[in-house]
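J.:
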């Protein structure tokens with residue numbers, strides 16, 4: 049799905065709508081180690097892919113998670129069976145940021161005797177020490193951390209983590225090691241002139257989170273960058289006494305800006321000015337010299353490359369805060385004893401996060417570079433699952449790749465209510481709309497309404513059918529078979545498809561239906577030139593292909609597949625048989 053942790057969203061949305069908050073939180077905890085934190089700052093890609101977006105607006109999924117967390121925790125504790133009994137496997141987690149906390153949670157649930165080592169005096173990493181409190185209250189962080197501690201995880205703070213080498217930890221008896229250090233180094237901006245009033249975003253936001261009264265910026269503040277950190281910097285600067293004007297300078301346009309739409313709208317609503325196609329070059333006195341930029345061809349990021357023009361201009365600035373990205377200190381892995389590649393990154397497997405040393409993993413930002421909290425959770429989960437798989441394999445337990453090892457006024461039209469809530473899709477408007485919902489029918493009424501708006505795409509999702517301009521995707525009704533959770537399976541019609549990619553763009557599951565759906569072919573050459581699983585009817589023979597393997601079959605007088613069908617799944621057979629029984633008009637060669 050669009051969610052990096054594949055959260056079971058429709059399931060918990062429905063439970064929240066029914067007021068079964070503890071059960072909803074139980075569903076969330078299966079795959080999400082930090083529900084309180086993510087209920088505030090998750091970038092909710094799920095909402096951008098929600099099938100309700102085609103109508104009056106996405107279901108407020110993150111708000112539903114927040115309701116489950118705030119109203120369901122006490123009930124969830126009644127359902128929780130307590131900390132898992134520890135096994136002989138011991139895990140060390142270096143770093144207590146989102147990735148490290150998540151690894152500790154999943155490890156402890158799997159029975160690992162888990163210890164977390166953290167350089168700072170408290171857990172949370174960037175979410176505690178950098179992300180401002182107006183976005184993420186400390187109570188949410190403490191809630192998640194305390195529950196992880198309740199799983200039997202041991203924490204050590206104020207540790208010199210550079211000394212925690214693979215060799216050292218192995219000698220202490222740890223069977224598994226997870227390095228979860230964050231992106232702690234700001235990228236530097238090339239600038240001539242006075243740099244004494246240039247502050248990095250990590251330094252500024254760290255001080256703001258710790259004690260805003262010690263931040264002295266002057267009247268005019270310039271933020272350089274276009275990501276969420278830049279938006280946090282702008283909003284934080286606007287809260288500093290004495291600051292009158294905040295400008296955000298970005299070298300591309302709004303279309304290329306990586307900041308979440310919600311965070312951008314929040315910064316703009318609070319008064320930040322945005323200056324596009326601009327890059328600072330010099331800082332003298334209280335004036336910042338800025339180079340105008342133009343956009344060229346696309347670069348490796350897929351965005352158009354900013355190119356300096358011959359024009360410059362100046363703007364007033366008492367302080368400049370740089371927010372042009374962070375990076376991981378790659379040198380630290382050489383101290384840890386983890387092999388590096390030629391670029392100085394730890395050598396890891398992209399899926400499992402396993403390093404070149406058995407039992408040693410690199411997760412979160414340390415493995416992928418700066419990322420979101422929910423992607424760090426996903427990274428940790430991938431690594432822990434791999435560790436479990438390897439243990440089971442060594443013990444001779446057969447692993448099913450399809451299984452997951454970690455359990456995992458009321459008469460007012462809803463369209464009007466959602467329109468009011470979505471006016472800016474920002475925090476200010478969300479706050480206003482929640483008050484509106486509360487006045488009309490309370491928080492539970494809001495939850496019930498949102499649950500009713502959920503189109504249950506986990507049960508029936510026909511988005512690729514709706515968006516295909518050529519009608520190359522058709523739903524096949526398989527309710528009578530009892531074989532499918534989703535009773536309407538999509539059949540892709542190869543002859544009708546021009547591979548425009550529309551279905552892939554709008555798929556809420558981040559899939560590519562024209563490449564991944566079971567396909568009906570009408571011509572032999574098309575069948576042979578494709579790698580899709582599917583079938584071709586030719587001279588009375590039904591040639592079925594599944595994952596590259598061919599099954600020549602035919603139908604008997606009762607409409608049942610016979611022939612070389614051994615190894616063919618019941619589900620595939622049911623689709624083919626139903627097409628012949630009820631959708632025979634789709635068969636046959638299509639004339640060009």
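In my numbering, the protein residues as written are 49 to 640.
Just so you know, even glycine gets a beta-carbon here, dropped at the ideal spot from N, CA and C.
All of these numbers come straight from a predicted model, not from anything done at the bench.
At the level of alpha carbons, what is the spacing between residue 271 and residue 249?
T.: Translated into the one-based positions of the chain shown, residue 271 becomes position 223. Translated into the one-based positions of the chain shown, residue 249 becomes position 201. If you take the alpha carbons of residue 271 and residue 249, they lie about 9 Å apart.
J.: Roughly how many angstroms separate the alpha carbons of residue 43 and residue 359, rounded to a whole number?
T.: One cannot answer for residue 43 here, as it falls past the ends of the chain, which runs 49 to 640.
J.: For the alpha helix (DSSP H) that contains residue 92, what are its first and last residues?
T.: Here residue 92 corresponds to residue number 44 of the chain shown, with the count starting at 1. It is not in any alpha helix (DSSP H) - residue 92 carries neither H nor E in the DSSP assignment.
J.: Near residue 177, which residues of its chain fall below 7 Å by C-beta distance, leaving aside the five closest residues on each side in sequence?
T.: The residue given as residue 177 occupies position 129 in the chain shown. Contacts found: 168, 254 and 257.
J.: Any idea which residues DSSP pairs residue 569 with across the strands?
T.: Residue 569 sits at position 521 when you count from the first residue of the chain shown. Answer by DSSP bridge pairing, in chain order: 584.
J.: Closer than 8 Å is the cut-off here; do at least three beta carbon pairs connect the segment 362 to 377 with the segment 261 to 270?
T.: The segment 362 to 377 is in contact with the segment 261 to 270.
J.: Got a sec? Which residues, its chain only, sit under 6 Å from residue 56 by beta carbon, not counting five neighbours each side?
T.: Counting from 1 along the chain shown, the entry for residue 56 is found at position 8. Contacts found: 75.
J.: Taking the alpha carbon of residue 326 as the reference point, which residue from 335, 357, 582 and 579 has its own alpha carbon closest?
T.: The residue labelled residue 326 in the question sits at position 278 within the chain shown. Cα-wise, what sits closest to residue 326 is 357.
J.: What are the uninterrupted segments assigned as alpha helix (DSSP H) that are 4 or more residues long and contained completely in the segment 487 to 538, given in chain order?
T.: For the segment 487 to 538, whole alpha helix (DSSP H) runs of length 4 or above, ordered along the chain, are 511 to 515.
J.: Looking at the unbroken beta strand (DSSP E) that takes in residue 341, where does it start and where does it end?
T.: By 1-based counting over the chain shown, the position of residue 341 is 293. 335 to 346 is the span of the beta strand (DSSP E), which, as asked, contains residue 341.
J.: With a CB to CB cut of under 7 Å and the five nearest residues on each side skipped, what residues in its chain are close to residue 399?
T.: For the purposes of this step, residue 399 is identified with residue 351 of the chain shown, where counting begins at 1. Counting only Cβ-Cβ distances below 7 Å, and skipping sequence neighbours, we find 430.
J.: Just verifying my parser: in three-state terms, what is the DSSP assignment at residue 322?
T.: Within the chain shown, residue 322 is the residue found at index 274, counting from 1. Strand at residue 322.
J.: Nearest-angstrom Cα distance between residue 641 and residue 315?
T.: The structure shown has nothing for residue 641, since the chain only spans 49 to 640.
J.: Would you list the residues sitting across from residue 444 in a DSSP beta bridge?
T.: Here residue 444 refers to the residue found at position 396 of the chain shown. None; residue 444 has no bridge partner.
J.: Looking at the structure shown, is residue 327 part of a helix, part of a strand, or coil, going by DSSP?
T.: Reading the chain shown from its first residue, position 279 is the one you call residue 327. Here residue 327 sits in strand by DSSP.
J.: Who are the Cβ neighbours of residue 224 in its own chain at under 6 Å, not counting the five residues just before and after it?
T.: The residue given as residue 224 occupies position 176 in the chain shown. 139, 407 and 435.
J.: Report all residues from its chain with a CB closer than 6 Å to the CB of residue 52; omit the five preceding and five following residues, and keep chain order.
T.: Start at 1 with the first residue of the chain shown, and residue 52 comes out as number 4. Cβ neighbours of residue 52 beyond the five flanking positions: 422, 423 and 426.
J.: Quick check: residue 61 and residue 109, are their CB atoms within less than 9 Å of each other?
T.: On the chain shown, residue 61 is found 13 positions in, with the first residue counted as 1. On the chain shown, residue 109 is found 61 positions in, with the first residue counted as 1. Yes, they are a contact pair.
J.: How many Å lie between residue 420 and residue 580 at the Cα?
T.: Position 372 of the chain shown holds residue 420. Position 532 of the chain shown holds residue 580. Spanning the two alpha carbons is a distance of roughly 33 Å.
J.: Considering only residues of the same chain and omitting the five flanking positions on each side of residue 275, which have a CB-CB separation below 6 Å?
T.: Sequence index remark: in the chain shown, residue 275 carries index 227 (1-based). If we look at residue 275 and ignore the five residues flanking it on each side, its Cβ neighbours are 306 and 307.
J.: Looking at residue 165 and residue 141, is the spacing between their C-beta atoms short of 9 Å?
T.: Taking the first residue of the chain shown as 1, we reach residue 141 at position 93. Taking the first residue of the chain shown as 1, we reach residue 165 at position 117. Yes; because the gap between Cβ atoms is below 9 Å, this pair is in contact.
J.: Report the residue ranges of all beta strand (DSSP E) runs contained in full by the segment 147 to 203; include only those spanning at least 3 residues, in chain order.
T.: Whole beta strand (DSSP E) segments, 3+ residues: 161 to 165.
J.: Compare the Cα-Cα distances from residue 565 to each of 380, 594 and 299 and report the closest residue.
T.: Walking along the chain shown from the start, residue 565 turns up at place 517. Ranking 380, 594 and 299 by Cα distance to residue 565 puts 594 first.
J.: With a 10 Å radius around its C-beta and 16 neighbouring C-beta atoms as the bar for buried, classify residue 192 as buried or exposed.
T.: Mapped onto the chain shown, residue 192 falls at position 144. Classification of residue 192: buried, given that the 10 Å Cβ count is 16 or more.
J.: So if DSSP puts residue 265 in a beta bridge, which residue, or which two residues, is it bridged to?
T.: Taking the chain shown and counting its residues from 1, one reaches residue 265 at position 217. Per DSSP, none; premise fails for residue 265.
J.: So, under 8 Å CB-CB, residue 205 and residue 170 are touching, yes? Tell me the CB distance rounded to an integer number of Å.
T.: The residue labelled residue 205 in the question sits at position 157 within the chain shown. The residue labelled residue 170 in the question sits at position 122 within the chain shown. That belief holds up - the Cβ atoms of residue 205 and residue 170 are roughly 7 Å apart, short of 8 Å.
J.: Use the C-beta contact count for residue 599: other C-beta atoms within 10 angstroms, 16 or more gives buried, fewer gives exposed.
T.: Along the chain shown, one-based indexing puts residue 599 at 551. By the neighbour-count rule (16 or more Cβ atoms within 10 Å), residue 599 is buried.
J.: Determine which residues share a DSSP beta bridge with residue 360 and list them.
T.: If you number the chain shown from 1, residue 360 lands on position 312. Its beta-bridge partners are 339.
J.: For the putative contact between residue 517 and residue 526, defined by C-beta atoms under 8 Å, what is the C-beta separation to the nearest angstrom?
T.: Looking up residue 517 in the chain shown gives position 469. Looking up residue 526 in the chain shown gives position 478. With 8 Å as the limit, residue 517 and residue 526 do not qualify as a contact, their Cβ atoms being about 26 Å apart.
J.: Which whole-angstrom value describes the C-beta separation of residue 603 and residue 628, a residue pair presumed to lie in contact below a C-beta threshold of 8 Å?
T.: The residue you call residue 603 lines up with position 555 of the chain shown. The residue you call residue 628 lines up with position 580 of the chain shown. Contact holds; Cβ gap of about 6 Å.
J.: Relative to the C-alpha of residue 549, which candidate in 137, 311, 87 and 512 has its C-alpha closest?
T.: Here residue 549 is taken as the residue at index 501 of the chain shown, counted from 1. That would be 512, whose Cα lies nearest to the Cα of residue 549.
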